[in-house]
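*Asks:*
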Amino acid sequence: MTNNNNISQQREEYGKATLNRSDLNPDPFQQLELWLNNAYASKVKEPNAMSVCTVNKDGQPSSRMVLMRGFDNRGLVFYTNYKSKKGSEIEQHAKVALLFFWADLQQQIRIEGTCERVSEEQSNQYFKSRPLKSQAASKVSPQSIIIENRKMLEDLYENEWKQAEAIQQVERPEHWGGFLVQPNYFEFWQGRPSRLHDRFQYVLNKTVWNINRLAP
Ligand SMILES: Cc1cc2nc3c(=O)[nH]c(=O)nc-3n(C[C@H](O)[C@H](O)[C@H](O)COP(=O)(O)O)c2cc1C
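If you count by my numbering, then the sequence shown holds residues 557 to 772, one letter each, in order.
1. Taking the beta strand (DSSP E) that Lys651 belongs to, which residues open and close that run?
2. So, are the CB atoms of His753 and Lys639 less than 8 Å apart?
3. At what residues does the alpha helix (DSSP H) containing Val696 begin and finish?
4. Within the chosen definition, does the region 689-701 reach the region 710-720 through at least 3 CB pairs nearer than 8 Å?
5. Can you tell me which of Arg769, Pro739, Phe744 and Leu655 puts its alpha carbon nearest to the alpha carbon of Arg630?
6. Is the closest heavy atom of ligand 1 to the C-beta of Gly643 under 7 Å?
7. Using the Cα positions of Lys689 and Lys762, report the straight-line distance between them to the nearest angstrom.
8. Using CA atoms only, rank isn't needed, just tell me which of Ala595, Gln746 and Glu569 is closest to Asp579.
9. Need the endpoints of the alpha helix (DSSP H) that Arg706 sits in, please.
10. I'd like the list of long-range same chain contacts for Glu602, defined as Cβ closer than 8 Å, with 5 residues on each side in sequence excluded.
11. Buried or exposed for Gln566, please, with buried defined as at least 16 other CB atoms from any protein chain shown within 10 angstroms of its CB.
12. With 16 as the cutoff for other CB atoms within 10 Å, does Asn562 come out buried or exposed?
13. Quick check: the Cα distance between Arg686 and Ala722, rounded to an integer number of angstroms?
14. Check whether the Cβ of Gln699 lies closer than 7 Å to any heavy atom of ligand 1, and answer yes or no.
15. Decide if Pro772 is buried, meaning its Cβ has at least 16 other Cβ atoms within 10 Å, or exposed.
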């Protein structure tokens, strides 16, 4: 096994903060808000970036980063191409896992739940709020499909952009929109010295969130 950059011997000391049962809000969405606000205040870059893990019909998981674009106590929302790999996997099997990691804060948040499309109205509203160039790109990119070369993509984009620029508008394509992840599980992880990290899980039991400390 290669050990470039002395990877096997690199060790980050964790110890920036502690997480105690008494610090936790009984509502995991409010706890998420608290941590997210702190991440923004601490100037973490793109703290709303999260990994979304989906599973295909053979049980093969796959992960990728997306940007979380909002949440409330119904769940967390991200936007994507419904025909992409993740989009088709979610349509076949609605269970997903999300992951936030903020290295500077030594914090990780794990979320598990089920996923469904947001309303067309919500997707339209968000689509319109994006820069016109992003709208044009989302419209023409056949996300996750093998393409011959970059030029083919740029040609598709240029063509769409000419029309979009002229009328200052792009219609949201049906294949693009939001997913709402409705969690039934949260875990908040805070790095601590000697690898004795603090971990708390929230498990949804009907309408009640049960909170437990986990061993690191
Ligand atoms: C920081 C970051 C944010 C991203 N945000 C999104 C996003 O919000 N929506 C999206 O569809 N892809 C986003 N991507 C690209 C995805 O990671 C991925 O390449 C793409 O969605 C195709 O994934 P799939 O083939 O597994 O469906 C982002 C990538 C990075 C690194």
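Even glycine gets a Cβ: it sits at the ideal position worked out from N, Cα and C.
*Replies:* On the basis of the supplied data:
1. Indexing the sequence shown from 1 puts residue 651 at position 95. Looking at the DSSP string, the run of the beta strand (DSSP E) that includes Lys651 is Lys651 to Trp658.
2. For the purposes of this step, residue 753 is identified with residue 197 of the sequence shown, where counting begins at 1. For the purposes of this step, residue 639 is identified with residue 83 of the sequence shown, where counting begins at 1. Judged by their CB atoms, His753 and Lys639 are not nearer to each other than the 8 Å cut-off.
3. Numbered from its first residue, the sequence shown carries residue 696 at position 140. Run containing Val696: Leu688 to Val696, per the alpha helix (DSSP H) assignment.
4. yes
5. Taking the first residue of the sequence shown as position 1, residue 630 is located at position 74. The residue with the shortest Cα to Cα distance from Arg630 is Pro739.
6. For the purposes of this step, residue 643 is taken as the residue at position 87 of the sequence shown. Checking the Cβ of Gly643 against ligand 1 gives yes.
7. Against the sequence shown, residue 689 aligns to sequence position 133. Against the sequence shown, residue 762 aligns to sequence position 206. Approximately 43 Å, taken between the alpha carbons.
8. For the purposes of this step, residue 579 is identified with residue 23 of the sequence shown, where counting begins at 1. It is Gln746 whose Cα lies nearest to the Cα of Asp579.
9. Position 150 of the sequence shown, counted from the start, is the residue given in the question as residue 706. Start and end: Arg706 to Ile723.
10. Position 46 of the sequence shown, counted from the first residue, corresponds to residue 602. Excluding sequence neighbours, Glu602 sits near Leu623.
11. Position 10 of the sequence shown, counted from the first residue, corresponds to residue 566. Exposed: under 16 other Cβ atoms inside 10 Å.
12. As a working mapping, residue 562 is identified with position 6 in the sequence shown. Counting Cβ neighbours within 10 Å, Asn562 comes out exposed, since fewer than 16 surround it.
13. If you number the sequence shown from 1, residue 686 lands on position 130. If you number the sequence shown from 1, residue 722 lands on position 166. Rounded to the nearest angstrom, the two C-alpha atoms are 17 Å apart.
14. The sequence position of residue 699 within the sequence shown is 143, counting from 1. Ligand 1 has a heavy atom closer than 7 Å to the beta-carbon of Gln699.
15. Here residue 772 refers to the residue found at position 216 of the sequence shown. The residue in question, Pro772, is exposed, as its Cβ has fewer than 16 Cβ neighbours within 10 Å.
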